[in-house]
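**Q** In our numbering, the protein residues as written are 3 to 418. Can you read through this structure? Questions will come right after.
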């Protein structure tokens, strides 16, 4: 009589966004048995359309870069800011660095429904058991060890699955973080984001045509993101208090007043036409008190959400997925060192998330000279090279400094 398996799977991943598809794909490539449970049917709408070059090495690692590049997304070579003492627009180019300038000198402006589905289908092609419209309703523990999940399948039936590790990649739903009461909001970044899409927005010329515009205004800040379907995403982010103060009439009227009265965005909207209804979402930064524990790991926005000022969301999600897959694979190979590998993941990701959050808070002082922002970035990057502070700023906001390069160094900290 065959022995009954202690676990149904090596890993169950909850959530099919960029963090979930990344960690699932990389574990499956290591011949791990991975079940991915996604509550929705893809494609599905999601905000967060602007990428940084730091996603490109991960797309390469996933072996999906060619598919993404061929899809037709807008190429993003840099960023334009109206920020700081000088109110004239200023640009940075991602190739304004000496490291990886050619290979990683650009990234993408994406439609998330298309990008996320592309990653999820790629995970399936790499052997991940992807089940859409399967909503996790409970997480099971045996003592302090996470052992499995309860979920409702697409027919409404309740089922269970066990695994050696459970990964929470549920984004801001943060199912494990909220189950364990780990989520801590950042009171200094309690914002509201409001956005919609426009046709016929004036675009920049040349390589700058794919730039994101980030413009500070007296009432918050604005993003302008060109998309390959001809629409432009324009969002307004402000504090909860300022939002309530300004909201004397409808959300739509307030939003349109803010974006059309801004200097640079308003100029580009002169001949534009609103193409979709206004959307709004709570945009509070938060982190979990812990990112892992016996039998579980928390990745992407489920572990922590940072204000979208520098378009870091997908990059952080995919980097945490990459690092998390590496550490879980090592822990599966060496169960006796589980705590060391999980702690290495938590330390590396939490420290880097803290660096990004710290710089976002510094940058929110929108009345400093540019050189102050560059100098603060240089303190965080702490490169040994002879880069200028401007190059360090570009390195930091491009996402090519930090987390993904920490993987090998992180492994070196694990005792033999």
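Note that CB positions come from ideal geometry on N, CA and C, so glycine has one too. Keep in mind that this is a model prediction, so the values were computed, not measured.
#1: If you draw a straight line from the C-alpha of residue 138 to the C-alpha of residue 87, how long is it?
#2: Return helix, strand or coil for residue 240, following the three-state DSSP convention.
#3: Between the C-alpha atoms of residue 262 and residue 249, what's the straight-line distance to the nearest angstrom?
#4: Is the Cβ-Cβ distance between residue 37 and residue 14 less than 8 angstroms?
#5: Using the three-state DSSP reduction, which class does residue 101 fall into: helix, strand or coil?
#6: Residues in the same chain with beta-carbon distance under 6 angstroms from residue 176, minus the five sequence neighbours each way, listed in chain order, please.
#7: Once you ignore the five residues that flank residue 119 on each side, which residues in its own chain have a CB closer than 6 angstroms to its CB?
#8: In the DSSP assignment, what residue or residues form a beta bridge with residue 228?
#9: What residues match up with residue 150 in a beta bridge as DSSP calls it?
#10: Does residue 306 pass the burial test, meaning 16 or more other C-beta atoms within 10 Å, or should it be called exposed?
#11: Check whether the segment 226 to 243 touches the segment 184 to 203, taking contact to mean three or more Cβ pairs, one atom from each stretch, closer than 8 angstroms.
#12: So the beta strand (DSSP E) residue 132 belongs to, where does it begin and stop?
#13: For residue 106, name the three-state secondary structure that DSSP assigns.
#14: Using the C-alpha atoms, what's the distance from residue 326 back to residue 399?
#15: Go through its chain and collect everything with a Cβ distance to residue 172's Cβ below 6 angstroms, but skip five positions before and after it.
#16: Ordered along the chain, which non-local residues of its own chain (more than five positions away) have a Cβ less than 8 angstroms from that of residue 194?
#17: Return no unless some Cβ of chain D is closer than 8 angstroms to the Cβ of residue 395.
#18: Ends of the alpha helix (DSSP H) at residue 31?
#19: Between which two residues does the beta strand (DSSP E) harbouring residue 94 extend?
#20: Beta strand (DSSP E) containing residue 197: first to last residue?
#21: Indicate the three-state DSSP secondary structure (helix, strand or coil) for residue 1 in the structure shown.
#22: Return the residue from the list 131, 109, 9 that minimises the CA-CA distance to residue 167.
#23: Pick helix, strand or coil for residue 327, following the three-state DSSP scheme.
#24: Contact defined as beta carbons within less than 8 angstroms: I believe residue 299 pairs with residue 153. What is the distance between those atoms, to the nearest angstrom?
#25: How about residue 323 and residue 125: do their beta carbons lie closer than 8 angstroms?
#26: Determine which residues share a DSSP beta bridge with residue 309 and list them.
#27: Assuming residue 58 and residue 121 are in contact, meaning their beta carbons sit under 8 angstroms apart, how far apart are those beta carbons, in whole angstroms?
#28: Helix, strand or coil: which one does DSSP assign to residue 85?
#29: Determine the closest residue to residue 210 out of 97, 258, 380, with distance taken between C-alpha atoms.
#30: What's the call for residue 56, buried or exposed, on a 16-neighbour Cβ count within 10 Å?
#31: On the criterion of 16 or more Cβ atoms from any shown chain inside 10 Å, does residue 403 qualify as buried, or is it exposed?
#32: Quick check on the DSSP output: the alpha helix (DSSP H) that includes residue 269 runs from which residue to which?
**A** Put simply:
#1: Rounded to the nearest angstrom, the two C-alpha atoms are 49 angstroms apart.
#2: Residue 240 falls in the strand class under three-state DSSP.
#3: Whole-angstrom Cα-Cα distance: 16 angstroms.
#4: For residue 37 and residue 14, yes; Cβs fall inside 8 angstroms.
#5: Bear in mind that a pLDDT of 49 at residue 101, under 50, signals an unreliable position, so the model cannot answer this.
#6: Result list for residue 176: 185, 304, in chain order.
#7: Leaving aside the five residues that flank residue 119 on each side, the residues in its chain whose CB is nearer than 6 angstroms to its CB run, in chain order, 44, 45.
#8: Note: residue 228 sits in a beta bridge opposite 234.
#9: Looking at the DSSP assignment, residue 150 forms a beta bridge with 142, 164.
#10: Of the residues assessed, residue 306 falls on the buried side of the cut-off, its CB having 16 or more other CB atoms within 10 angstroms.
#11: The answer is yes - the segment 184 to 203 touches the segment 226 to 243, with three or more Cβ pairs under 8 angstroms.
#12: Where residue 132 is concerned, the enclosing beta strand (DSSP E) starts and stops at 131 to 134.
#13: Of the three classes helix, strand and coil, the one that applies to residue 106 here is coil, per DSSP.
#14: Each residue's Cα considered, the two are about 22 angstroms apart.
#15: Counting only Cβ-Cβ distances below 6 angstroms, and skipping sequence neighbours, we find 16, 17, 304.
#16: Non-local beta-carbon contacts of residue 194 in its own chain, meaning distances under 8 angstroms to residues more than five positions away in sequence, involve 239, 240, 241, 242, 245, 282, 283, 284, 285 in chain order.
#17: No chain D appears in this structure, which consists of one protein chain only.
#18: Residue range 20 to 31 is occupied by the alpha helix (DSSP H) that includes residue 31.
#19: Going by DSSP, residue 94 is part of the beta strand (DSSP E) stretching over 92 to 95.
#20: Taken as a continuous stretch (DSSP letters only), the beta strand (DSSP E) holding residue 197 covers 185 to 201.
#21: Because the chain spans 3 through 418 in this model, residue 1 falls outside it and cannot be assessed.
#22: Nearest option by C-alpha distance: 9.
#23: In the structure shown, residue 327 sits in a helix (DSSP, three-state: H, G or I).
#24: Incorrect: roughly 18 angstroms between the Cβ atoms, too far for contact.
#25: Result no, Cβ atoms of residue 323 and residue 125 do not sit closer than 8 angstroms.
#26: Paired residues: none, contrary to the question.
#27: In this structure residue 58 is not in contact with residue 121, their Cβ atoms being roughly 14 angstroms apart against a cut-off of 8 angstroms.
#28: Of the three classes helix, strand and coil, the one that applies to residue 85 here is coil, per DSSP.
#29: Comparing alpha-carbon positions, the option among 97, 258, 380 lying closest to residue 210 turns out to be 97.
#30: Buried is the call here.
#31: Taking all protein chains shown into account, residue 403 has 16 or more neighbouring C-beta atoms within 10 Å of its C-beta and is therefore buried.
#32: Where residue 269 is concerned, the enclosing alpha helix (DSSP H) stretches over 265 to 270.
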